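Note that my numbering has the sequence shown beginning at 1, numbered continuously upward.
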Amino acid sequence: MILRALICLLLSGAAPARAEIFLHARAERLAVPHQGPFVRTGDGAIWGLDERGALVSRDEGKTWAARTIFDSATFVSRKERALLRTREGVVLYAFLNEREKVFKWDDKLGGPLEGCRLPVYVGRSADDGKTWAAPVLLQDGWCGAVRQMIQLKSGRIVLVSQVAKANPGRHVTLVYVSDDLGKSWRTGDVIDLGAQGNYAGKVAGLTGATHGGGIEATVLEKQNGDLKLLLRVPHGHFEEMTSKDGLKWSASMPSTLEASDSPGMMVRLASGRVALLWNRYTDPEKKLGRREELSLAFSENDGVTWTFPQVIAVNRVPPGAREGAYWLSYPYLFEPVPGRLWISTMQGDVRAALAEADFLAPTAQPPDGSAVRIVMLGDSITRGARPGVTPQTTFSARTQAALRAAGVRAAVHNVGIGSERTDLALARLERDVISQRPALVAVMYGANDSWVDTGQTASRLGEDAFGANLREIVRRLRAAGSQVVLMTGPKIGEKNRRNGLGEDPNLRLARYMTVTRQVAQETGTPLVDHFAGWDEAQRGGRVLQEWTTDGMHPNPAGHAEMAARLAPVLLARLR
């Protein structure tokens, strides 16, 4: 395996250098000593930040000049910062003031004690960085990090923050909005996950609650104007929330993204794609290696589906070494010109540049080693993640774990989309599947194709169209060089929702699963027959409702049963 090594830069004031950071072969060392965030002002200069103020480069990062933007006797900025230049030329800087830091925390007494504070300030320049007003206090109390600020199409500014709460000690997320370019701010719902985000206990495997809660969120404005928020939690995935205005937020639910106990960064690129930088466990089953790898993925549908995550930087922890000395985390992403990305991290001092186009599809010689790429294509049953079902407990993740336990280094990528039919799958097949060059694709549809909506008398898609679409999916995937495995969907539970005709939906679903079996036989495609397996289990006394969250969608037990059927078939094909 060919790796490009990037010698670690020393942390300011740090002693000896740490081990080499290995960059992806298509990334290059960025000769910029500073971490993000960065912005470009109207005169073409690039602005960054350090503890004492601003840094300005007029030669694309080759050299930097310090700029005083606040009184350093009063303010010292911690490294967790947010920076924004608005379309109107207003520059805003949100930071935590180290000068006022007082850490007083005792889990036995409820967490943060009276006087525990690390306040948030906002600095503002109304003239594109030429002059700066004195920073204004935005939030008192203890804030562990403030990392991102964006401007919406409407002009509204959204800033994500957090604050510590007591009894129990935890953090809650606060989203501030400004409709006057940062002159004044207001906040809406307090995003408090309570026990769901608690770090103490067996689930998280950690003690203490000083980082408990839902914290260090990244935020994105979707193309339709809604907002999407990904929260850091300690349970192996991001929690996802949505909002219409940044003030009122939906209930959280598990995202499809597996993530270690670290924050991510979503950024809308000039191409219209969304880029995500984040950390994943090197071993998601054992929750090991939580910050040794920095991953990158892209989305062309506002984060509904993502490209295969690609590891772009690695720093392995030697046996017996202190894990924190090798972390590559707290990422920032800046696009100085369309298609070129600057990537930096607060922890680990990654400084890299890469071309967006080089990473839209999996590349050769990844620094974490090659893996057999497998895609799971389907609807919400394939997507899996929902209240009560984390991405690690879906049949996709369980299948990956089973393959790896059997000695196959597999990367199983889930591109399931809720409510999807086979005609919609065909429309995105090139973008979400073929472009990712998978070795094998497992396909499962039928629940939505066969469904009859209220007021209708026929299924959403006829049986003939359903069969034709499945055949075309198989044909296109094989033409692209991928093996294909077809699956029938699981039988729906006893307490199911009746369709628009008042029928038990299993009556129609059974016919569509028969079509799936016929297509598999006609095309010589291996078949995993979940429907028949669940039907047999029901006839043997199994209550199928116990394998679902709502009668239709599998719960963790149902996903485990599906993975047990699927993994041996995939293993046989791969061997």
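Backbone N, C-alpha and C define an ideal beta-carbon position, used for all residues, glycine too.
In this text, all values refer to a predicted model and were calculated from it rather than measured experimentally.
Cβ-based neighbour list, residue i, same chain, cut-off 7 Å, excluding 5 preceding and 5 following
{"i": "V317", "result": "E292, E323 and Y326"}
{"i": "G129", "result": "T41, W47 and V91"}
{"i": "R383", "result": "T256, N414, G416, I417 and G418"}
{"i": "P568", "result": "none"}
{"i": "L113", "result": "K104, W105 and D106"}
{"i": "H553", "result": "S380, I381 and R386"}
{"i": "G558", "result": "P490, W547 and T548"}
{"i": "A362", "result": "Per the sequence shown, residue 362 should be read as Pro rather than Ala. Once the five neighbours on either side are set aside, the close Cβ partners of P362 are F308, Q310, R373, Q436 and R437."}
Opening and closing residue of the beta strand (DSSP E) in which residue i lies
{"i": "D50", "result": "I46 to D50"}
{"i": "P254", "result": "M253 to E258"}
{"i": "S178", "result": "R170 to S178"}
{"i": "W342", "result": "R340 to Q347"}
{"i": "T218", "result": "I215 to E221"}
{"i": "E522", "result": "Note, E522: premise wrong, no beta strand (DSSP E); alpha helix (DSSP H) at N506 to T523."}
{"i": "G53", "result": "G53 to S57"}
{"i": "K287", "result": "First-last for K287: undefined, no H or E at that position."}
{"i": "I69", "result": "It is not in any beta strand (DSSP E) - I69 carries neither H nor E in the DSSP assignment."}
{"i": "F335", "result": "According to the sequence shown, residue 335 is Glu rather than Phe. From DSSP, the beta strand (DSSP E) with E335 extends over S329 to V337."}
{"i": "K228", "result": "L227 to R232"}
Buried or exposed (CB count within 10 angstroms, at least 16 for buried), residue i
{"i": "L582", "result": "Residue 582 is absent from the structure shown; the chain starts at 1 and stops at 575."}
{"i": "L507", "result": "exposed"}
{"i": "F359", "result": "buried"}
{"i": "D127", "result": "exposed"}
{"i": "T488", "result": "buried"}
{"i": "A411", "result": "buried"}
{"i": "V515", "result": "buried"}
{"i": "Q196", "result": "exposed"}
{"i": "K491", "result": "buried"}
{"i": "G155", "result": "exposed"}
{"i": "N499", "result": "buried"}
{"i": "A275", "result": "buried"}
{"i": "A15", "result": "Bear in mind that a pLDDT of 32 at A15, under 50, signals an unreliable position, so the number given afterwards is only what the model happens to contain. With fewer than 16 other Cβ atoms within 10 Å, it is exposed."}
{"i": "Q521", "result": "exposed"}
{"i": "R575", "result": "exposed"}
Residue(s) in a DSSP beta bridge with residue i
{"i": "V375", "result": "H413 and V441"}
{"i": "W534", "result": "BP columns for W534 are empty, so no partner."}
{"i": "H237", "result": "E258"}
{"i": "G111", "result": "D106"}
{"i": "E293", "result": "V314"}
{"i": "T187", "result": "Y176"}
{"i": "K153", "result": "DSSP lists no partner for K153."}
{"i": "L247", "result": "None, per the DSSP bridge assignment."}
{"i": "V528", "result": "M487"}
{"i": "W547", "result": "Looking at the DSSP assignment, W547 forms no beta bridge with any residue, so it has no partner."}
Cβ shell of residue i (< 6 Å), same chain only, five flanking positions each side left out
{"i": "R232", "result": "I215, E216 and P263"}
{"i": "T218", "result": "Q148, L230, G264, M265 and M266"}
{"i": "K248", "result": "G188 and D189"}
{"i": "Q347", "result": "W327, S329 and Y330"}
{"i": "M562", "result": "F395 and H530"}
{"i": "F334", "result": "G36, F38 and W342"}
{"i": "T173", "result": "Q162, I191, G214 and A217"}
{"i": "L501", "result": "V452"}
{"i": "T549", "result": "G388 and N555"}
{"i": "W64", "result": "L55 and S57"}
{"i": "E285", "result": "A401"}
When the options are compared against residue i, the one with the closest alpha-carbon
{"i": "E430", "options": "L377, Q139 and S260", "result": "L377"}
{"i": "V441", "options": "V372, D504, A447 and G500", "result": "V372"}
{"i": "R78", "options": "K222, G493, R87 and R52", "result": "R52"}
{"i": "R99", "options": "E80, V76 and G236", "result": "V76"}
{"i": "L84", "options": "L181, R67 and L30", "result": "L181"}
{"i": "I374", "options": "L118, P391, N167 and R409", "result": "R409"}
{"i": "G388", "options": "K104, C143 and P556", "result": "P556"}
{"i": "L571", "options": "G551, G533 and V528", "result": "V528"}
{"i": "A133", "options": "G339, G123 and D432", "result": "G123"}
{"i": "P367", "options": "R67, L294 and I434", "result": "L294"}
{"i": "G513", "options": "R428, A447 and G455", "result": "Correcting the residue type first, residue 513 is Met in the shown sequence and not Gly. Minimum Cα distance to M513 is reached at A447."}
{"i": "V443", "options": "E472, A458 and E463", "result": "E472"}
{"i": "Y121", "options": "N97, W142, G110 and T131", "result": "N97"}
{"i": "D261", "options": "G467, A313 and H235", "result": "H235"}
Residue range of the unbroken alpha helix (DSSP H) whose run includes residue i
{"i": "T422", "result": "T422 to D432"}
{"i": "G467", "result": "E463 to A479"}
{"i": "S396", "result": "F395 to A405"}
{"i": "I381", "result": "S380 to R383"}
{"i": "R573", "result": "P556 to L574"}
Sequence-distant residues of the same chain with beta carbon closer than 8 Å to residue i, five excluded per side
{"i": "A355", "result": "R26, G339, R340 and L341"}
{"i": "K153", "result": "E221 and G225"}
{"i": "A45", "result": "V56, S57, R58 and G129"}
Residue i: CB within 7 Å of a non-hydrogen atom of the ligand COA
{"i": "Q483", "result": "For the structure depicted, the ligand COA is absent and the ligand set is empty, with no information on it obtainable."}
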